[in-house]
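Encoded as structure tokens, the structure appears first; notes follow it.
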Amino acid sequence: MQREASQLSAQVDTLQQDLNDLRGRVDLLEGLGDRTVALEMAQEQLAADQETANEQMTALQTDMAALDEKFPCKRNAPSALKPSSQTCKHC
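For the sequence shown, the working numbering begins at 42 and goes up steadily by one.
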């Protein structure tokens with residue numbers, strides 16, 4: 042009977058350790074879930090920032106095209122304009 046009690050006590054100890062291990066794993070998974078949510082939010086923000094940058098790039102390209110029409114250069118290069126001048130150094 043005493044042997045059975047010792048075996049049962051050992052089983053209880055093992056079960057308690059397993060339960061503690063499982064609680065630790067659950068805590069870890071919950072932490073990972075929070076990190077995943079944070080990463081998803083950061084990814085959404087990055088996508089929005091990228092879209093904004095694309096829109097700004099398109100606007101800059103439109104502005105550059107308008108300037109090219111206003112100040113044409115035979116070589117069509119931004120560095121072709123002389124400093125403090127609206128004339129082209131190549132034309």
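C-beta: ideal position from N, C-alpha, C; glycine also.
What you are looking at is a predicted structure, and each value in this text was computed from that prediction instead of being measured.
The alpha helix (DSSP H) enclosing M42, as first and last residue numbers: For M42, no alpha helix (DSSP H) encloses it, and the DSSP letter there is neither H nor E.
Inter-residue Cα distance where the pair is E96 and T103: Rounded to the nearest angstrom, the two C-alpha atoms are 11 Å apart.
Cα-Cα separation between T55 and R44, rounded to whole angstroms: Cα to Cα, the separation comes out at about 16 Å.
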